[in-house]
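Notes to accompany the following structure.
Protein chains: 2
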Amino acid sequence: MSKKWVYFFDEVAKAEEYVGGDWEKVRGLLGGKGANLAEMERIGVPVPPGYTVTTEACNAYLDAGETYPEGLNEQMLESLKTVETKTGKKFGDPQNPLLVSCRSGAKFSMPGMMDTVLNIGLNDETIKGMIALTGDERFVYDLYRRLIQMFGSVVMLAPGEDFEEVLTEARAKAGVETDTELNAEDWKAVAEEFKAIFKRHTGRDFPTDPYEQLNLATAAVFKSWFGKRAVDYRNAAGIAHDLGTAVNIQTMVFGNLGNDSATGVALTRNGTTGEHRIEGDYLMNAQGEDVVAGIRLTEDINKLKEEMPAAYGEFEQICQKLEKHYREMQDVEFTIEKNKLWMLQTRDGKRTAQAAVRIAVEMVEEGMITREEAVMRVTPAQIDFFLHPQFDREAVKAAKAKGDMLGSGLNVSPGAAFGVVALDADLAEKWAKEEGRDVIMVRPETRPDDVHGMLAAQGILTSRGGRTSHAALVARQFGKPAVVGMSALEIDLDKRQISVGGLVIKEGEWISIDGTEGELYTGKLPTEVPEFEDPELMKLLSWADEFRKLGVWANADYPADAQRALKYGAEGIGLCRTEHMFFEAERMPFVQKMIMTDNADERKEALDALLPFQREDFAGLFRVMDGLPVIIRLIDPPLNEFLPSESDLLRELCDLKLQLKDAGAPEEIDKLQKQIEDKELILKRVESLHETNPMLGMRGVRLAIHIPELTTMQVRAIFEAACTVAKEGVDVHPEIMIPLTSHVNELKVQQEVLEAEAKKVMEEQGIEPHYKFGTMIEIPRAAITCDQIAEYAQFISFGTNDLTQTTFGISRDDAEASFLIEYLEREILPENPFAVIDRDGVGFLMEMAVKKGRAVRPDMECGICGEHGGDPESIQLCHELDLTYVSCSPFRVPVARLAAAHAALRDKIKD
Amino acid sequence: MSKKWVYFFDEVAKAEEYVGGDWEKVRGLLGGKGANLAEMERIGVPVPPGYTVTTEACNAYLDAGETYPEGLNEQMLESLKTVETKTGKKFGDPQNPLLVSCRSGAKFSMPGMMDTVLNIGLNDETIKGMIALTGDERFVYDLYRRLIQMFGSVVMLAPGEDFEEVLTEARAKAGVETDTELNAEDWKAVAEEFKAIFKRHTGRDFPTDPYEQLNLATAAVFKSWFGKRAVDYRNAAGIAHDLGTAVNIQTMVFGNLGNDSATGVALTRNGTTGEHRIEGDYLMNAQGEDVVAGIRLTEDINKLKEEMPAAYGEFEQICQKLEKHYREMQDVEFTIEKNKLWMLQTRDGKRTAQAAVRIAVEMVEEGMITREEAVMRVTPAQIDFFLHPQFDREAVKAAKAKGDMLGSGLNVSPGAAFGVVALDADLAEKWAKEEGRDVIMVRPETRPDDVHGMLAAQGILTSRGGRTSHAALVARQFGKPAVVGMSALEIDLDKRQISVGGLVIKEGEWISIDGTEGELYTGKLPTEVPEFEDPELMKLLSWADEFRKLGVWANADYPADAQRALKYGAEGIGLCRTEHMFFEAERMPFVQKMIMTDNADERKEALDALLPFQREDFAGLFRVMDGLPVIIRLIDPPLNEFLPSESDLLRELCDLKLQLKDAGAPEEIDKLQKQIEDKELILKRVESLHETNPMLGMRGVRLAIHIPELTTMQVRAIFEAACTVAKEGVDVHPEIMIPLTSHVNELKVQQEVLEAEAKKVMEEQGIEPHYKFGTMIEIPRAAITCDQIAEYAQFISFGTNDLTQTTFGISRDDAEASFLIEYLEREILPENPFAVIDRDGVGFLMEMAVKKGRAVRPDMECGICGEHGGDPESIQLCHELDLTYVSCSPFRVPVARLAAAHAALRDKIKD
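Residue numbers (the numbering used here), protein chains in the order written: chain G, 2 to 912; chain A, 2 to 912.
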């Protein structure tokens, strides 16, 4: 007996048995569409009779050099017989002909697969029976010409334009504007001409044998699996090439058989807001493609309730049934043929981030899914949405209604933005910086020398390029909304204007782009940041907190940041960068004085002046973080970051010297000479501090060892603050972190100095707050020797920004504007390692560090405070490495909470 | 029965049995001195009778709170009895008293241990017997006062100055200049006064009981094991504190009993040249300490042959015997007492590098040692000596004779140098750079701001600081001869002069320093580079080549370098830095043109002009290295290294602008304006190429991927050269090396481009030389993912300079002038990781890379081309990691050959 290649829609149980009961495997065998049709049939949803030819048949066909495998033809014929029995119609019967559709349906939907062919079974004989049955000659000839047209272009690959040309001529001849105005005779003539086109292009007559039609269409679906577009897509999306596609053959039903017929599409809940109410569109007396094509204005599905209450009632029940069955919001297609409701397709519905959260939470409350499932159903990117500006929803509706939406491209960087069009980077920068205007930079594509303009702009729009184009990568990098690869966009650099479909927008005029949706609008659409304190979101995140094992802390330098972090759910401060406090205007003079002097007393004086500022900063943080840990990193950057740049000084000096040449008045000369002297003094110091590679130079613990007074001051400030605040009754948990350690001895030396100062302060204050001493792991050697480091460090925190720089030997400042983007465009690097932790390199070092460190100190607190701490993929890795916490920007805390829960739940699923 | 604490000199067999036959353990038990005395006794060399108290007795004494362990006293008394029997004298016998010496003798000699006490056994009674026996009252009272003096100062720790004061007074009273002029009565009076000093300081009488003298001296030796200097030394040298010291008690013999007595020291071969002839000094009628102290002018040992032919004949035979027995050149002490020769000590002799090589080689030829032993006996540092300038030997002799040697300090950086004294860094730099003078920079100590002067100087001399002082570290770093910590040196910065012992040298006058020996001379001593092609050295290195497993290759950029490398024994070129070729005057314009242009055609034109230069360079290398591999690294540095610096340009521009202000003539104005324009163009390019951290920027493979034409040109040049030279009949083995890989995809992308070009050239040329494709491993990520890299790379080469920079996060350029030196001074880092591979960090990564790489490609060639390739300790690591070869500067090749042999032989020893 030959293999079973064909499953009737009611044979899903057999398919399940064959694959071993796994629904994913059923989808693999029958394709997504076929599996869902069979599933609907099983649960008693009315589906027009039909059957699915399996993906295995497709593979066998392709393997055998495009020949049907043994038994396939017989099984198809048999299945057709069953359809005939069920429908009481007969395939090819001139009196009561059965018409069927043929649709591809792979496990995952993908572009490039063969389009649907409808109305298979029509020929010069059977149309007669159809006309007799429907009494509508025009309708039948329209069906017929559609079959010839689809068959010719889709199956036989004749050029679609030839068919379109005939239609244009036919309308002209009949003196009408639209196809709907053509009558039966017109369609009859068109059908004949289509047959001629068919013959001209294929060298053969249009096949009148319904079985031949069906076999050709089925084979065409099989062959389309290796069409170029499909192959390219699978390569890009990482989908295996041996999955094959299934073919679905289904009885035609018609929503255009009069006013007791209709067709429509619907979501079982609102896809924008998530509200639990069916949302959809339909048309009376129409075919499915008319709803999608937008030829006629559709009606809101609520009207169907009034028009066809019985059918709608049944439809509502089916929607509930499908949701309950699939435990997911569904996107369905239906047709009502002479008051009889048929479901043609169901699949999980697409939704906005807000809808995703609301639906997930409400489904838990409806008892439909578990909390774990709800948490897993919302992606971190959807949480991220709540933190980006978006266009006002009503304004978007209005803009679309007005036709202000000009088209769409690739949604490569989320968020919405408006601005005036600027067609080059220099102008974008000038308008943004000098004139304070909001700018959207529009370019055919971007290059490294455009980056300054992109940084100055509110958003980026290009006509070329894909998801890994320079523009896309840079935009994501810097969090700028961007739409790229909008091919309908024409950019005229001579006329300084852009246009879409003839609508011209001059440089300097307003446009708005939606990077989340990939849409372009003319004019200025108002934006809003979605309500973060959305009650459903709060609920979902609180569930996430129950599941996650990773702590979620935040990087915060000021009390206000800490406040925000707390509000977003942070459980500690993972990184307070003490040097940020030095940059404030009232403090800089002291910082510069400290750097400029060689005199120990003057240095001490400057540091003494800084101490109260630092103490107050820390006290503020401790008060906010009452009861929670606060990790304070001692000074990290090289000193010359606090002085002007050498080239700026040289330029300024030159200006002064040129002025001096022109100066006449003695007091002016004196003044200039004094200025020159001062600048030269600073220049000398800057030169003496100059480093070829400051990133690898005198900074972090190296600076602290070199100028111990500096860190002693910082430790004093921390402990004076901690003691003072503790006396106020606040529960303080300071943790002192040493940056840039590469050798354990650095830690040893620093610990001695710092512990001594801490002890001194605590004795002075008469109180001993609990504290920890630890280090950043941001140098490969520190990771490699973490066992040695753990002898001294009570905690470690991965500084993955620097660790990535040193592990890759890449200077981030330089690379992200140059070769790194090139590498990502050319896919030399699969991901930007500064966005997502590089597992093989940096991740390997992290794993080693945690293992070696905890082997020595089992309870060692291990965290991450690099920017990766807010990236979901990196958080997954941190979970796998069993870190204590991730620390990220306060704005990323909600995303991190969800991502951490996902990581933990994935473990559960695996178990 | 109590433990055996005491071994008579003839009981070495028992000691061996006790420790299990291992000579090292015998030395551990009896100490170096005791073991050698016993060994001499065993082989029939005349040694004054005596015994050794073991190190175990010392430990037991110290463990028991400074109490003799059970049995020790009895065993000592018994041993004394044996000595009495052997000598026919009796300890404490007024008629025929036995006198003994008491000397410490640990396994390793170290400072701070108790000095020798001679003449134990003398007291007011026994001196009478001695006078009767020798008939020399003066001699005996001299012995007596020496005992009291040594006992008082060494055992009882009375201040030595007090004794010296008495001597001074005695000389004054007697109206004489030297001690030798004092008579018996004088010494008698001195002895009495010494007794008074003794009593004053110790509160007790000088012990007249010989047994008490002996016990006190023995206990003092034991106690000195934990003296501060000894403990400090052991800590620094890594010697265990539980070894303990032995005590040697030996019958006194006297070389000062008339003209049939003598005493001397000798080396069994010449310690300077290695010549196989006894070399030594002696004094007739004198005591050993007189020879060492230099109070009297010693005679050459050859004269002894004439003076006492019989004794000398015996001495010669003993020397031969000792050499044969120890299989090493010996350093011996002897005394002839009334024509009877006694050997007092033997130990391995110190020697110069040249002597070490010659002795090792000749001993093999004499059948005394194996080739393996000969190779192990010469240190890599001794080979290094052959490559540094040294003072002419005759000139040194003459200078010493003339008194031009002013003194010595620490020999911290080898080599000899002369120059005029410069007392600060700026002056040193000015004289050296502007006036082309040879300069020795002299400072009390150096600091980071002195480095520019040190670099300009020929050598460095300081009055303060130790082996890890800034001056020592920097000098070694840059290969400058240096003597530091010369405390006798006075530096007067006001008078601008230095002085030693009253001799004044003005700034600007000549001095010479020997960093190998640590010596300072006045005047200009001629230097010479020792003959590298020393036949013994050649022989030794050829033996080393037989034993080593590591290949030794050289880093060479030009044919002349390759020639030298071959001469020194290199077996391949491990690194040819192609960009070095770009820096030559005739090529720079093309290189700069290539960088300055944005136009592809112009760039190609510039590259086409460079191609023939590169081709000729490579052809030359291939011809020299006929039959051997040549690894050519494609361009590595960032492009801005080929352009002037930004600050230089800014300064030059400012000068031009200031000139323009003053310019009058229109043609001058035109000219200046043109110059300004040109400079501004270059400045713009320099700014656009500017990188914050160029070390981590657009260089290496990143540059190659960005400008593929550049590396395509290089590959074409390599293959055109290889094909051309191969057609000449030369056996070429090019290996193309990609620098700075951090991700396997970089290699993949480059390999495609480069293989294509190589194939094209080989097709054009009609010949296919064998070649390899590989990469540097100089980024941590490359080491970590070496399994992935091995899929593409046929070979890897560790660029340990950059790998150290990235693994530590240290920029070498910046660090070696700043915190790295501070770290070494403060011992935060145990070694300079740029000199010796850091095992824990960089070594760990190397090991992982080799293992992962060879797991994928078992025959992968793995080498090292960083500067560590010439460092013996690093070579040991490379051997352990089973690298294929080390590649180093041609000058380091001989050192590497020996070090590699050592590493291999150490394995054999372990087996």
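Glycine residues also receive a C-beta, built at the ideal position from the N, C-alpha and C atoms. All figures in this text were calculated on a predicted structure; none of them were measured in a lab.
{"Asked": "Kindly list, in the order they appear in chain A, the residues whose Cβ is closer than 8 Å to that of LEU830(G).", "Found": "HIS744 and ASN746"}
{"Asked": "Can you tell me the Cβ-Cβ gap for PHE812(G) and ILE780(G), rounded? I've got them flagged as a contact below 8 Å.", "Found": "Before going on, a small fix: residue 812(G) reads as Ser here, not Phe. So it is not a contact: roughly 15 Å between Cβ atoms."}
{"Asked": "Tell me, please, whether the CB atom of MET665(A) is closer than 8 Å to any CB atom in chain G?", "Found": "The question names Met, but residue 665(A) is Gly in the sequence shown. Chain G contact via Cβ: absent."}
{"Asked": "Can we say the region 350–361 of chain A touches the region 534–545 of chain A, given the rule of at least three CB pairs closer than 8 Å?", "Found": "yes"}
{"Asked": "Smallest Cα separation from GLN96(A): which of MET369(A), ALA900(A), GLU126(A) and ARG717(A)?", "Found": "GLU126(A)"}
{"Asked": "Any beta carbon of chain G sitting closer than 8 Å to that of LYS550(A)?", "Found": "no"}
{"Asked": "Identify, in the order they occur along the chain, each residue of the same chain with its Cβ nearer than 6 Å to the Cβ of CYS787(G), setting aside the five sequence neighbours on each side.", "Found": "ALA850, LYS853 and GLY854"}
{"Asked": "Find the residues of chain A that neighbour HIS707(G), judging by a C-beta separation of less than 7 Å, and give them in chain order.", "Found": "PHE820 and GLU823"}
{"Asked": "DSSP three-state label for ASP515(A), please.", "Found": "strand"}
{"Asked": "So, is the C-beta of ASP180(G) closer than 8 Å to a C-beta in chain A?", "Found": "no"}
{"Asked": "Give the DSSP-derived three-state secondary structure of SER543(G) in the structure shown.", "Found": "helix"}
{"Asked": "Three-state secondary structure (DSSP) at ASP627(A)?", "Found": "coil"}
{"Asked": "Quick one: which residues of the region 683–696 of chain A get their C-beta closer than 9 Å to a C-beta of chain G? List them in chain order.", "Found": "GLU688, SER689, HIS691, GLU692, THR693, ASN694, PRO695 and MET696"}
{"Asked": "With DSSP as the reference, identify every bridge partner of ALA263(A), one or two as the case may be.", "Found": "MET285(A) and ILE337(A)"}
{"Asked": "I'd like to know if GLN806(G) contacts chain A, where contact means its C-beta is closer than 8 Å to some C-beta of that chain.", "Found": "yes"}
{"Asked": "For GLU446(A), go through chain G and note every residue whose CB falls closer than 7 Å to its CB, in chain order.", "Found": "Correct list: empty, because the minimum Cβ distance to chain G is about 18 Å."}
{"Asked": "Please check if any C-beta of chain D sits within less than 8 Å of the C-beta of PRO781(G).", "Found": "You won't find chain D in this structure, because its protein chains are G and A."}
{"Asked": "For the region 309–361 of chain G, which segments carrying the beta strand (DSSP E) assignment without a break, of at least 3 residues, lie completely within its bounds, in sequence order?", "Found": "331–338 and 341–349"}
{"Asked": "Should GLU647(G) be flagged as near chain A, meaning a C-beta pair shorter than 8 Å?", "Found": "yes"}
{"Asked": "Which residues in the same chain have their Cβ closer than 8 Å to the Cβ of LYS434(A), if we skip the five residues on either side of it in sequence?", "Found": "ALA457"}
{"Asked": "Does the distance from the CB of ALA722(A) to the CB of PHE619(A) come in under 8 Å?", "Found": "yes"}
{"Asked": "Report all residues from its chain with a CB closer than 8 Å to the CB of ARG782(G); omit the five preceding and five following residues, and keep chain order.", "Found": "SER743 and HIS744"}
{"Asked": "By alpha-carbon positions, which one of ILE632(G), LYS189(G), THR805(G) and THR135(G) ends up nearest to GLU338(G)?", "Found": "THR135(G)"}
{"Asked": "Closer than 8 Å, Cβ to any Cβ of chain G: which residues of the region 874–888 of chain A, in chain order?", "Found": "none"}
{"Asked": "For GLY775(G), list the residues DSSP reports as bridge partners.", "Found": "MET738(G) and PHE796(G)"}
{"Asked": "Please list the partners that LYS658(G) has in chain A, where partner means a Cβ-to-Cβ separation under 7 Å.", "Found": "CYS655 and LEU659"}
{"Asked": "At least one CB of chain A closer than 8 Å to the CB of ASP814(G): is that the case?", "Found": "yes"}
{"Asked": "Determine contact between the region 498–518 of chain A and the region 384–398 of chain A, defined as no fewer than three beta-carbon pairs at a distance below 8 Å.", "Found": "yes"}
{"Asked": "Measuring CB atoms only, is the region 684–700 of chain G touching the region 795–815 of chain A, in the sense that at least three cross pairs come out at less than 8 Å?", "Found": "yes"}
{"Asked": "Using a cut-off of 8 Å between C-beta atoms, extract the partners of ASP841(G) located in chain A.", "Found": "ARG782, ILE785, THR786 and GLN789"}
{"Asked": "Mind listing the chain A neighbours of VAL750(G)? Cutoff is C-beta to C-beta under 7 Å, in chain order.", "Found": "ILE829"}
{"Asked": "Could you pull out every unbroken alpha helix (DSSP H) segment of at least 4 residues lying fully inside the region 785–846 of chain A, listed in chain order?", "Found": "787–790, 801–809, 813–816 and 820–826"}
{"Asked": "Rounded to a whole number of angstroms, what is the C-alpha to C-alpha distance between THR447(A) and MET589(G)?", "Found": "33 Å"}
{"Asked": "Check the DSSP bridge columns for PHE92(G) and list the partner residues they point to.", "Found": "LEU99(G)"}
{"Asked": "Under 9 Å Cβ-Cβ, which residues of chain G neighbour PHE892(A)?", "Found": "The contacting residues do not exist; PHE892(A) stays about 26 Å from chain G at best."}
{"Asked": "Determine the direct distance from the alpha carbon of TYR62(A) to that of PRO1(A), and round the result to whole angstroms.", "Found": "This structure gives no information on residue 1(A), because the portion of chain A shown stretches from 2 to 912."}
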